[in-house]
Amino acid sequence: MTWRALLREPLVQFLLVGLALFALHARVRPDPDRAMRVDPERVARARAGLAERLGRAPDDRELAAALRDALDDERMVREAVRLGLDRDDPIVRRRLIQKLRLAYESTADVDARDDAALLALRDAEPARYSAPARLALTQVLAARGRHPDPEAAARELVRRLEGGADPAELGDPGPHARRFGLRPAGDYAGMFGPEFAAALSDMPEGTWSIVQSQLGAHAVRVDDRAPAELLPLAAARPRLAADLAERRRAEAVQAALDDLRRSDPADLDALPADLAAALTEQGL
1 MTWRALLREP LVQFLLVGLA LFALHARVRP DPDRAMRVDP ERVARARAGL
51 AERLGRAPDD RELAAALRDA LDDERMVREA VRLGLDRDDP IVRRRLIQKL
101 RLAYESTADV DARDDAALLA LRDAEPARYS APARLALTQV LAARGRHPDP
151 EAAARELVRR LEGGADPAEL GDPGPHARRF GLRPAGDYAG MFGPEFAAAL
201 SDMPEGTWSI VQSQLGAHAV RVDDRAPAEL LPLAAARPRL AADLAERRRA
251 EAVQAALDDL RRSDPADLDA LPADLAAALT EQGL
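Per UniProt numbering, the sequence shown starts with residue 1, numbered consecutively.
Here is the structure:
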């Protein structure tokens, strides 16, 4: 049998793949004794850490004590793992899960300079990355506590305003201006309350209406409106970059979990068929 024919044999191929995997594992597996190795690099790190903590250069005895403590900590960790003390401990489990999740997230390809990805995210969710609709208005207040019937006083204000009176010369003083430029409705909710802001939504432009607030009754005119508009990339970039990074990290975690589920599937044999089927649909 020739070498070429031999290489086509399934058993030979299996053995070759096994040898390759064994060699790869031998190259990439962590050195179990590295944590116990005291080399110049480790000494330099310990010296720098001590100098920062002490505010001066440590002497040899102090440096040796710090290295001894670090090695003792590693010995205790190893012994605790050997004794199984890391098992069935919810705090340890939670910390391990957190560290593994962070390791998966660190593999995410996040580039805030990827304009194409940022624009794709913005255009996929325009409502999230749009400036809200805005409106400009004039309001004249009939203050509560200054009039027996603030609404009746506001109706008189409307009559005079529709007759051409100057809003600046009418009404009671209040904590807010009479005229406002284009602002989101949320700004008005913050100043006058949510009911006041809600009343503005379907108010026609250029006409006087009466709107109630915690301050009293207002004669209100909507002077201008600007619709919601998609933010340009420059304005939306910080939020887009943060959202893209969060999405990419979540995708990296999900991809890693999918790989783990395939390599370490759950044993569902003891479950009712319907529940087992539902879990199988979830990829477990």
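Just so you know, even glycine gets a beta-carbon here, dropped at the ideal spot from N, CA and C.
Exposure of residue i, with buried meaning 16 or more beta-carbon neighbours within 10 Å
i: Gly171; result: buried
i: Pro126; result: exposed
i: Ser213; result: buried
i: Ala23; result: Per-residue confidence for Ala23 stands at a pLDDT of 48, beneath the threshold of 50, marking its modelled position as unreliable; no derived number is given.
i: Val211; result: buried
i: Arg45; result: exposed
i: Pro150; result: buried
i: Gln139; result: buried
i: Ala154; result: buried
i: Ala236; result: buried
i: Leu54; result: exposed
i: Arg134; result: buried
i: Arg78; result: exposed
N-terminal and C-terminal residue of the beta strand (DSSP E) that residue i is part of
i: Asp224; result: Gly216 to Ala226
i: Arg134; result: Arg134 to Ala143
i: Pro184; result: Arg179 to Pro184
i: Gln212; result: Trp208 to Ser213
Contact under 8 Å by Cβ, residue i with residue j
i: Leu118; j: Leu240; result: yes
i: Arg221; j: Gly206; result: yes
i: Gly174; j: Leu215; result: yes
i: Ala228; j: Pro132; result: yes
i: Ala245; j: Tyr104; result: no
i: Arg261; j: Leu284; result: yes
i: Leu233; j: Ser130; result: no
i: Leu200; j: Ala177; result: no
Minimum C-alpha distance to residue i - residue among the options
i: Leu141; options: Arg93, Arg42 and Arg179; result: Arg179
i: Thr107; options: Leu67, Ala51 and Ala252; result: Ala252
i: Arg113; options: Arg249, Gln254 and Ala242; result: Ala242
i: Pro167; options: Pro265, His218 and Arg47; result: His218
i: Arg47; options: Arg34, Glu62, Glu156 and Met36; result: Glu62
i: Glu41; options: Arg53, Leu67 and Arg56; result: Leu67
i: Asp60; options: Leu102, Val43, Asp202 and Phe192; result: Val43
i: Arg75; options: Ala35, Leu275, His176 and Trp208; result: Ala35
i: Gln254; options: Arg95, Ile91, Leu102 and Asp73; result: Leu102
i: Ser209; options: Leu161, Ala278 and Asp109; result: Leu161
Limits of the alpha helix (DSSP H) - the one that residue i falls within
i: Val81; result: Asp60 to Arg82
i: Val253; result: Leu233 to Ser263
i: Ala48; result: Pro40 to Leu54
i: Val92; result: Pro90 to Glu105
i: Asp115; result: Asp115 to Ala124
i: Pro173; result: Note, Pro173: premise wrong, no alpha helix (DSSP H); not H, not E.
i: Ala108; result: Looking at the DSSP string, Ala108 is not in any alpha helix (DSSP H), and its letter there is neither H nor E.
i: Ala199; result: Pro194 to Leu200
Cross-strand partners of residue i (DSSP beta bridge)
i: Ser130; result: Leu230
i: Glu281; result: In DSSP, Glu281 forms no bridge with anything.
i: Glu205; result: Val222
i: His147; result: Arg144
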